[in-house]
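**Student:** Here you go, one structure.
In this note's numbering, the protein residues as written are 12 to 736.
Shown next as structure tokens:
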């Protein structure tokens, strides 16, 4: 009864309801101060001396004097009375890594004279997840992990691991990332460590590194395994039971489960290691065939260390997976850690070692990237971490080290070449292969569905349940798991690139978003906006799922009258235009107002936000349970932008008959999105390509013109079959 009255008389109240709802939320959003300072983070005078001094003193608690910023080294020398205690600097003077929003993260960093990080302060950041999602406190909390650690520490950011370092060895740390902010924290981590290490190499003598040597590729002599050992071309390190027991102060049999129970055990770990790039070593150790294959797969500047071992305590942890970073073993040079990763070189190929080379239990090829500062001609230190547990409560942790240096005649000093930093986006793509693969496969499937939609529409149940399955996939995999919810915020960097220049790397930072954006953009000009809005939008799919439950629970469904519907649907275009213009003048304000999208609250953060954001998102979903896809039809600025571009689509695949709309109104009535006019014409800028009208068109039991034609045909057949009197 209520829905009928609203339908008949009070549809104008919907406009008032919508206006009040959006206005109320906007006022709450503005209640919080904006994180954007409105200043240029690239400017040389980004912070004043007064602000800098106050921030630096908050990092160095004992600081009494701060000299002016050195124009050559770009650092502030810091003193406690007359003693020099360290340096402070802005990260932007040394590295400018763009984050998710396309802006840099500028940090104020302090290090002492030993290269220890004293503190970090955020001077500028424009990351949407920290400005209007998790809040700036989440970034501050992440950066609080760095003080007390050296610029030389090997730090791995991984939100899936704890902060425990018991199994990573000295100098190897795993920091907690920030869930939902992977791109931003990796950008912050790289910014901090790169800038800090560069400053340390400039002003602290012990961190200065010479140009790395390269192996001479024209030197080779056939050598046996024993000759390689005799010539010191292969390092040999034995860790004995006696050594460990002396250092631990207890018998190894106190540590069950490690294979130490045998009283005759003398050698705990027997390790051989070698530098394989040099043909004198690599070719003799691997053989001609595998050495050639190795040289073909590695990139310029990469160095490979081969490790063999036998004995009860392996250099790889028990749960080690091929292709990952080992945490039990570490490599160092000049007291600096080297980031190593298993190549999984023998994963798909059998080992064909020369006859004289022993085929030990474990043989791994570990890769050192070209930007690690490794010099193969200098002494290399290998460290093995012994994390031994007596039980689940008690245990001991010690490190054992061995050093090895190769003969100088195997190497030469090249000319100084500036090494390129591996872009963040490449690392992110490599770390999300599974998500990328599933996303691409799903998009291929979706393409097949749209190409074959006429044929599939002959099978109503296939279309119905196929689309429902895809919507559940969109919500739970693309949305909640892969974080592939597109947003109007993603459009701002594209618009700003028209003014500031195009920076392609920014768009590659999130591989799933990039793939879906690319696919959406292409399909806009083929089928229109419906491919994304009807199939790939997690929030849109969530609305439809909840709307279905609402119908099952007999919620009254409000039908908005045609005049009101046509008027209110223009609102989303006004919102889109306003946000697009505003981003050129005040990006921070544009991002704040972009909270009109409930995507971040509902999909990205899964409703883990301040109450008013949650109330807004839940409110929209509740309204959508009474008014079909309320948000998509009337508010969504992203949908408006896609609809504008989608007007230029190449194909109109939704077939129409002459009887559609004149007089048949079946599809018009059944189209809950109201994309089919009473005339029978499809408004593709509003259509979400649910394919229901195409199913009706091809179903002789649903399409009224076909049903009428069939009825006439049956009558005609009957009249022809009746005998004449």
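Cβ atoms here follow ideal geometry from the backbone N, Cα and C, with glycine treated the same way.
1) Does the distance from the CB of residue 100 to the CB of residue 210 come in under 8 Å?
2) Looking at the secondary structure, which residues open and close the alpha helix (DSSP H) in which residue 248 lies?
3) Using only CA atoms, which one of 255, 537, 652 lies nearest to residue 580?
4) So for residue 684, helix, strand or coil by DSSP?
5) Using only the alpha-carbon positions, how far apart do residue 707 and residue 686 sit?
6) Runs of 4 residues minimum, wholly inside the region 292 to 341: which ones carry the alpha helix (DSSP H) assignment?
7) Do you know how far the Cα of residue 457 is from the Cα of residue 718?
8) Could you check the C-alpha separation between residue 367 and residue 235 for me, to the nearest Å?
9) So what's residue 8 in DSSP terms, helix, strand or just coil?
10) Kindly indicate which residue of 118, 128, 697, 716 has the alpha-carbon position closest to the one of residue 673.
11) Counting only runs that start and end within the region 428 to 492, where is the alpha helix (DSSP H) found for 4 or more residues in a row?
12) Within this structure, are the beta carbons of residue 284 and residue 318 separated by less than 8 Å?
13) Run the CB neighbour count on residue 660, radius 10 Å, all protein chains shown included, and call it buried at 16 or more, exposed below.
14) Are residue 351 and residue 377 touching if we call contact CB-CB under 8 Å?
15) Taking all protein chains shown into account, do 16 or more other C-beta atoms lie within 10 angstroms of the C-beta of residue 295, making it buried, or fewer, making it exposed?
16) In whole angstroms, what separates the C-alpha of residue 149 from that of residue 133?
17) Closer than 8 Å is the cut-off here; do at least three beta carbon pairs connect the region 601 to 615 with the region 491 to 501?
18) Who are the near neighbours of residue 624 in its chain, counting only those whose CB is closer than 6 Å to its CB and skipping five residues on each side?
19) With distances taken Cα to Cα, identify the nearest neighbour of residue 356 among 414, 308, 370.
20) How many Å lie between residue 52 and residue 103 at the Cα?
21) Kindly list the residues whose CB is nearer than 8 Å to the CB of residue 373, restricted to its own chain and excluding five residues on each side of it in sequence; keep chain order.
22) Using 10 angstroms around the beta-carbon of residue 63, count the other beta-carbons present and answer buried if the total reaches 16, otherwise exposed.
23) In the DSSP output, which residue or residues are listed as bridge partners for residue 100?
24) So what does DSSP say about residue 562, is it helix, strand or coil?
25) Identify whether residue 538 lies in helix, strand or coil by the three-state DSSP scheme.
26) Excluding the five sequence neighbours on either side, which residues of its own chain have a C-beta within less than 8 Å of the C-beta of residue 29, listed in chain order?
27) Nearest-angstrom Cα distance between residue 445 and residue 618?
28) Roughly how far, in whole angstroms, is the beta-carbon of residue 96 from the beta-carbon of residue 71, given that I think they are within contact range, below 8 Å?
29) According to DSSP, simplified to helix, strand and coil, what is residue 395?
30) Would you be able to state if there are at least three C-beta pairs under 8 Å between the region 153 to 165 and the region 628 to 647?
31) From residue 530 to residue 598, what distance separates their C-alpha atoms?
32) Would you mind sorting residue 6 into buried or exposed? The rule is 16 or more other CB atoms within 10 Å of its CB.
33) Could you please give me the residues that DSSP links to residue 677 through a beta bridge?
34) For residue 39, does the three-state DSSP call read helix, strand or coil?
35) What residues match up with residue 281 in a beta bridge as DSSP calls it?
36) Please classify residue 436 as buried or exposed, where buried requires at least 16 other C-beta atoms within 10 Å of its C-beta.
**Tutor:** So, to answer that:
1) It is a contact, given that the beta carbons lie within the stated cut-off.
2) Run containing residue 248: none in the alpha helix (DSSP H); it sits in the beta strand (DSSP E), 246 to 251.
3) Measuring from the Cα of residue 580, the nearest candidate turns out to be 652.
4) DSSP places residue 684 in coil when its eight states are reduced to three.
5) Their backbone Cα atoms lie some 15 Å apart in a straight line.
6) Restricting attention to alpha helix (DSSP H) runs no shorter than 4 residues, the region 292 to 341 encloses them at 299 to 308, ordered along the chain.
7) Each residue's CA atom was taken as its position, placing residue 718 and residue 457 some 31 Å apart.
8) Distance from the CA of residue 367 to the CA of residue 235, rounded to the nearest whole angstrom, comes to 6 Å.
9) Because the chain spans 12 through 736 in this model, residue 8 falls outside it and cannot be assessed.
10) Answer by Cα proximity: 716.
11) DSSP runs (the alpha helix (DSSP H)) wholly in the region 428 to 492: 435 to 442, 444 to 462, 464 to 467, 471 to 484.
12) In this structure, the beta-carbon distance from residue 284 to residue 318 falls below 8 Å.
13) With 16 or more Cβ atoms within 10 Å of its Cβ, residue 660 is classed as buried.
14) Taking the C-beta atoms as reference points, residue 377 is found nearer than 8 Å to residue 351.
15) Result: buried.
16) In this structure, the straight-line span from the alpha carbon of residue 149 to that of residue 133 is close to 12 Å.
17) Result yes; three or more Cβ-Cβ pairs closer than 8 Å.
18) Closer than 6 Å at Cβ, skipping near neighbours: 612.
19) Looking from the CA of residue 356, the closest CA among 414, 308, 370 belongs to 308.
20) Note that residue 52 scores a pLDDT of 49, beneath 50, so its modelled location is shaky; the value from the coordinates is reported in the next line. Our two residues, residue 52 and residue 103, have alpha carbons roughly 8 Å apart in a direct line.
21) Only 318, 319, 320, 321, 325, 326, 327 meet the Cβ criterion.
22) With 16 or more other CB atoms across the displayed protein chains lying within 10 angstroms of its CB, residue 63 is buried.
23) Residue 100 is bridged to 120.
24) Three-state DSSP puts residue 562 in a helix.
25) Correct three-state label for residue 538: coil.
26) Here the model assigns residue 29 a pLDDT of 49, short of 50, so the residue's position is not dependable, and the following value carries that caveat. Answer for residue 29: 579, 582, 645, 646, listed in chain order.
27) When rounded, the distance between both Cα atoms is 26 Å.
28) Confirmed, about 6 Å.
29) In the structure shown, residue 395 sits in a strand (DSSP, three-state: E or B).
30) At 8 Å Cβ cutoff, the stretches do not touch.
31) Cα to Cα, residue 530 sits roughly 26 Å from residue 598.
32) No answer is possible for residue 6: it lies beyond the span of the chain, which begins at 12 and ends at 736.
33) According to DSSP, residue 677 bridges with nothing at all.
34) For residue 39, the predicted model reports a pLDDT of 46, less than 50, meaning its position is unreliable and no value from the coordinates is stated.
35) In the DSSP assignment, residue 281 forms a beta bridge with 249, 321.
36) Its Cβ being crowded by 16 or more others within 10 Å, residue 436 is buried.
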